[in-house]
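Protein chains in written order, with the working numbering: chain A, 1 to 216; chain B, 1 to 216.
2 protein chains.
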Amino acid sequence: MPNEEPTDLPSLRPTSWATLGLLSFGEELSGYDLKKWADWSLRFFYWAPSYSQIYSELRKLEEIGYATSRVVNKDDVRGKRLYRITPAGEEAMSRWANEAPVEPAVLKHGVMLRMWLGHAGDPAHLREVLVEHRDHAEKMRVRAIADAEGAAHEPGWAFPLMVLNWSTKYYEDERDRADAMLADLDKLARKQGRSRSSRRTSSARRTSDELRSHSS
Amino acid sequence: MPNEEPTDLPSLRPTSWATLGLLSFGEELSGYDLKKWADWSLRFFYWAPSYSQIYSELRKLEEIGYATSRVVNKDDVRGKRLYRITPAGEEAMSRWANEAPVEPAVLKHGVMLRMWLGHAGDPAHLREVLVEHRDHAEKMRVRAIADAEGAAHEPGWAFPLMVLNWSTKYYEDERDRADAMLADLDKLARKQGRSRSSRRTSSARRTSDELRSHSS
DNA sequence: GGGAGCATGTAACGGGTTACATGATTGG
DNA sequence: CCAATCATGTAACCCGTTACATGCTCCC
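See below:
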């Protein structure tokens, strides 16, 4: 048995692993398929890839030897290219899954940024933005449920299903937090309505040295 | 009154607005201060900026005219530079807050990616990763609470406080979802333990045409 | 004296998005 | 026949990260 020492994994980015992951369920898929599949699973918690990224990731994976491809569409110019994971790819997946340090979850919440800067905005508009976000979360929740139903009872999809259930809960929580904040917002509006007449700008000024004296 | 038509806002990225937002509370701050402040507020829901980014953002803001700076440290070579928002900056902030389309929240959840690919990994390791994530969420929750306490009772910080409370709830929910998934994981392990002996690889193979027949 | 924190930057890299371009197939 | 969908790609751009570099000041 030659070369049994644990060779270094090529340091791929998580998105590359996610792409390989899509192939690791055993299907032979086109870039187009991949994108669609990502759109009803990975999208909820990780990634909504663009086509261009998918295609370049796939080419990269093939170059490394983690995937192979073949062109099907008869003898045409622009043939459909189907990708399949290789044994080397499967092994690399396993090693990555078990050995690679887990990247922390990243959240970039544009809506909360707006709320955080609430003093600069019109209260009514703030409220509107929140309501929209609430509705969006609810929509995502429903979609996640639908996709989870599609995945249920498929024996190979136990883990994706588990994550889809997590996602459902995630959007449910997101919705509920938006509702809670809506209530906070109204409470704040009432309080500020009582204590000031109309001053729109700079209610924040002065608050000087708390920054400096705040314990890290 | 010259030039009253609504001039176009320079299309800054959200992170630039976030930087300007940090200044919009009225303080005169150094890049270093800015970073620290971001670290105990924006970090929870949006952004943990690097110094290099902070400094380049600040230079950009000054160039546009949304901030001014002055060097304090006597006549030294490497003086400390303090930035302050300008009236133009304040007005731009307000317009952005009220008029700019809100970027959707982005989530990139490395832990869930691992779980989604659970079939490729060792169950015990999977569990470990989840537990770690759970603990991290709890840590963040506690930090958010602490920072919220620091911000409470400051009249100008009502909105940041509101978001900090949202963040507290966020990490609480994150923790609880991790716990729930831990339970799911154990249930799944028991079920799979009953139905198969030891096959590690490819329990997922075959699951063939469901993909193609799945309704988008 | 030395380490921790203060303070500011430059340069390289690359990942990911957007815009653009092309054309086939399918169904109403 | 025309629109939608299938299907694949290139090129430019730039945001953000990482690594590197420098030197101060305060405090033990």
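Quick reminder that beta carbons are idealized off the backbone N, C-alpha and C, glycines included. Fair warning: this is a prediction, and the values are worked out from it, not measured in the lab.
Where does residue i land, buried or exposed, given buried means 16+ other C-beta within 10 angstroms?
i, result
"H153 of chain A", "exposed"
"V72 of chain A", "exposed"
"R134 of chain A", "buried"
"E149 of chain A", "exposed"
"R13 of chain B", "exposed"
"P160 of chain A", "buried"
"S11 of chain A", "exposed"
"E27 of chain A", "buried"
"D209 of chain B", "Its pLDDT being 37, under 50, D209 of chain B is placed unreliably in this model, and the coordinates cannot settle the point."
Just to confirm my understanding: we take residue i, look at its own chain, exclude 5 residues before and 5 after, and list those with CB closer than 7 Å. What are they?
i, result
"V129 of chain A", "V111, R114"
"A137 of chain B", "Y171, E174, R175, A178"
Where residue i and residue j are concerned, what is the direct C-alpha to C-alpha distance, given to the nearest angstrom?
i, j, result
"H109 of chain A", "P104 of chain B", "7 Å"
"L185 of chain B", "N165 of chain B", "30 Å"
"W96 of chain A", "M140 of chain A", "30 Å"
"K60 of chain A", "I54 of chain A", "10 Å"
"Q192 of chain A", "P123 of chain B", "53 Å"
"W41 of chain A", "S30 of chain A", "Checking the sequence shown, residue 41 of chain A turns out to be Ser, not Trp. Their backbone Cα atoms lie some 17 Å apart in a straight line."
"Y46 of chain B", "V163 of chain B", "11 Å"
"V131 of chain A", "P87 of chain A", "49 Å"
"D147 of chain B", "F44 of chain A", "29 Å"
"P101 of chain B", "K169 of chain B", "26 Å"
"D33 of chain A", "E99 of chain B", "37 Å"
"I64 of chain B", "K187 of chain A", "37 Å"
"V142 of chain A", "G79 of chain A", "36 Å"
Here's a check: name, in chain order, each residue in its chain whose Cβ is nearer than 6 Å to the Cβ of residue i, leaving out the five neighbours to either side.
i, result
"T19 of chain B", "E57"
"S16 of chain B", "E57"
For residue i, which of helix, strand or coil comes out of DSSP?
i, result
"R84 of chain A", "strand"
"S30 of chain B", "strand"
"V106 of chain B", "strand"
"R70 of chain A", "strand"
"H136 of chain B", "helix"
"D218 of chain B", "Because chain B in this structure spans residues 1 to 216, residue 218 of chain B falls outside the shown range and cannot be described."
"R206 of chain A", "Any answer about R206 of chain A is weak, because its pLDDT of 36 lies below 50 and its placement is not dependable; what the coordinates show is given next. The answer is coil: DSSP assigns R206 of chain A none of H, G, I, E or B."
"F44 of chain A", "helix"
"P14 of chain B", "helix"
"A100 of chain A", "coil"
"R50 of chain B", "Note that residue 50 of chain B is Ser in the sequence shown here, rather than Arg. DSSP places S50 of chain B in coil when its eight states are reduced to three."
"G79 of chain A", "coil"
"E90 of chain B", "helix"
"L117 of chain B", "coil"
"A152 of chain B", "coil"
"G65 of chain B", "coil"
"S167 of chain A", "helix"
"S24 of chain A", "coil"
Determine, using beta carbons only, whether residue i and residue j come nearer to each other than 7 Å.
i, j, result
"S167 of chain A", "A144 of chain A", "yes"
"R84 of chain B", "T68 of chain B", "yes"
"S94 of chain B", "A189 of chain A", "no"
"G21 of chain B", "L117 of chain A", "yes"
"Y51 of chain A", "K35 of chain A", "yes"
"L182 of chain A", "L107 of chain B", "no"
Got a sec? Which residues, its chain only, sit under 8 Å from residue i by beta carbon, not counting five neighbours each side?
i, result
"E90 of chain B", "S24"
"D39 of chain A", "A48"
"E62 of chain B", "T68, S69, Y83"
"L126 of chain A", "R114, M115, G118, L185"
"R194 of chain A", "none"
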